[in-house]
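**Student:** Have a look at the structure that comes next, please.
In our numbering, the protein residues as written are 45 to 156.
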């Protein structure tokens with residue numbers, strides 16, 4: 045005998061999980077990548093998916109790194125999305141290249 049109520053609950057749970065995952069993906073894509081030029085993470089990801097293989101190619105396609113900070117704030121995030129190892133800054137939670145100081149905090153300390 046098929047337990048329709050159990051099956052319905054399971055389908056609803058999967059749909060709710062899928063919905064939450066989609067919402068989280070939208071939120072992630074809307075997060076800033078390049079603060080200077082107001083370029084979102086989703087724009088950078090699209091450039092990478094379209095074939096950009098390094099920071100220079102992503103910059104050319106999206107404009108990241110061309111603002112007043114010269115890529116000091118967005119560089120580590122973009123390089124992390126390109127596959128370079130990153131960790132999160134303990135102070136601001138921005139992605140930081142492993143073994144490097146946080147470029148976002150360093151730039152802020154310089155008055156940027």
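Ideal placement from N, C-alpha and C gives every residue a C-beta, glycine not left out.
Here the structure is a predicted model, which is why all the values come from computation and not from measurement.
How would you label residue 83, buried or exposed, when you count the other beta carbons within 10 angstroms and need 16 or more for buried?
**Tutor:** buried
**Student:** Which class does residue 122 belong to by DSSP, given the choice of helix, strand or coil?
**Tutor:** helix
**Student:** Note the first and the last residue of the continuous alpha helix (DSSP H) segment covering residue 131.
**Tutor:** For residue 131, there is no enclosing alpha helix (DSSP H); the enclosing beta strand (DSSP E) covers residues 130 to 132.
**Student:** Nearest to residue 80 by alpha carbon, out of 91, 118 and 67?
**Tutor:** 118
**Student:** Give me the Cα-Cα distance between residue 97 and residue 151, rounded to the nearest whole angstrom.
**Tutor:** 26 Å
**Student:** Using the rule of at least 16 other Cβ atoms within 10 Å of the residue's Cβ for burial, across every protein chain shown, is residue 33 buried or exposed?
**Tutor:** The structure shown does not extend to residue 33, since the chain spans only 45 to 156, so no value can be given for it.
**Student:** Within the chosen definition, does the region 134 to 150 reach the region 105 to 117 through at least 3 CB pairs nearer than 8 Å?
**Tutor:** yes
**Student:** Just to check my reading of the structure: residue 108 and residue 88 have Cβ atoms closer than 8 Å, yes? What is that Cβ distance to the nearest angstrom?
**Tutor:** 6 Å
**Student:** Tell me where the beta strand (DSSP E) around residue 76 begins and ends.
**Tutor:** According to the DSSP assignment, residue 76 belongs to the beta strand (DSSP E) that extends over 76 to 78.
**Student:** Taking only three categories from DSSP, how would you classify residue 140?
**Tutor:** strand
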